[in-house]
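All remarks here apply to the structure that follows.
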Amino acid sequence: MAQSLQSSVTVGATPPLAVPGPTSPPISSILPLLSSAFTTGLSTISYISGFFRTISYSLFSPLLVIIPVGYYLLSPIIISAQLLFDTFVGMPYRAAVYVLQAVYPIYAFLGVACLSGIIIGLGARQIVSLIGWGLLGGEAPSTQRSGSPPRPRPPRKSSISRGKRRVTVKAED
Numbered sequence: 001m002a003q004s005l006q007s008s009v010t011v012g013a014t015p016p017l018a019v020p021g022p023t024s025p026p027i028s029s030i031l032p033l034l035s036s037a038f039t040t041g042l043s044t045i046s047y048i049s050g051f052f053r054t055i056s057y058s059l060f061s062p063l064l065v066i067i068p069v070g071y072y073l074l075s076p077i078i079i080s081a082q083l084l085f086d087t088f089v090g091m092p093y094r095a096a097v098y099v100l101q102a103v104y105p106i107y108a109f110l111g112v113a114c115l116s117g118i119i120i121g122l123g124a125r126q127i128v129s130l131i132g133w134g135l136l137g138g139e140a141p142s143t144q145r146s147g148s149p150p151r152p153r154p155p156r157k158s159s160i161s162r163g164k165r166r167v168t169v170k171a172e173d
């Protein structure tokens, strides 16, 4: 028993553990793996796409021979459709665009002139009504355009007084 006590005492006298030096971050060891996986994936995709391209060319090459024949056979219909489209859609559209581009400056000038006239006219009307209200002393501005009262409307005559007869329809069972 005495020996076991001595061994425990000697264990406590060991020097402290050495602190390890600075370590590299884990991302630096993962980056080479990621870049090699990426390049391997790209080369695999390139090989697979080339393989499928070769297969598709070999399968569709007969169609590539037939397509010009179809265009040749359908050329009268295609040319007629192009002429009809140009005549009824393309040319009117281009003519309308040309005319509208030529007329646009006039349209803009007249639009600005009309809007300016409306703003100036309404502003002048309000100023005149405020000056009149201030000079005439407290009368509320009139909502009518003219000072004349509205014309009275004559009463409408009924259809009986105009000499028309009332007609009734009797249903027979």
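Numbered continuously in UniProt numbering, the sequence shown closes out at residue 173. Think of the CB as a built atom: it goes at the ideal place given N, C-alpha and C, for glycine as much as any other residue. Computed from a predicted model, the values in this text were never measured in an experiment.
Euclidean distance between Cα positions of residue i and residue j
| i | j | result |
| --- | --- | --- |
| L115 | L122 | 11 Å |
| A102 | A96 | 10 Å |
| Y71 | V65 | 11 Å |
| I106 | L100 | 10 Å |
| residue 189 | G50 | Absent from the structure is residue 189, since the part of the chain shown begins at 1 and ends at 173. |
| F60 | A108 | 57 Å |
| S24 | L42 | 29 Å |
| T44 | S36 | 12 Å |
| A112 | I127 | Reading off the sequence, residue 112 comes out as Val, not Ala. So the two alpha carbons sit approximately 22 Å from each other. |
| S29 | T40 | 18 Å |
| P68 | I79 | 15 Å |
| G163 | K170 | 22 Å |
| I77 | L84 | 10 Å |
| P62 | Y98 | 47 Å |
| G117 | A81 | 50 Å |
| V89 | R53 | 40 Å |
| Q151 | T168 | Looking at the sequence shown, residue 151 is not Gln but Arg. Distance between the alpha carbons of R151 and T168 is about 38 Å. |
| R125 | L110 | 22 Å |
| L5 | P22 | Only weak support is given to the placement of L5: the predicted model assigns it a pLDDT of 49, under 50, and the question is left unresolved by the model. |
| Y57 | Y47 | 15 Å |
| residue 180 | I119 | Examination of residue 180 is not possible in this model, given that the chain is present from 1 through 173 alone. |
| I55 | R94 | 46 Å |
Same chain, Cβ closer than 6 Å to residue i, neighbours up to 5 away in sequence not counted
| i | result |
| --- | --- |
| L31 | none |
Same chain, Cβ closer than 8 Å to residue i, five either side skipped, listed in chain order
| i | result |
| --- | --- |
| G137 | none |
| D86 | none |
Query raised in the report: At which residue ranges does the segment 77-133 contain complete alpha helix (DSSP H) runs of 4 or more residues, listed in the order of the chain?
Result: List check, alpha helix (DSSP H) in window: nothing returned.
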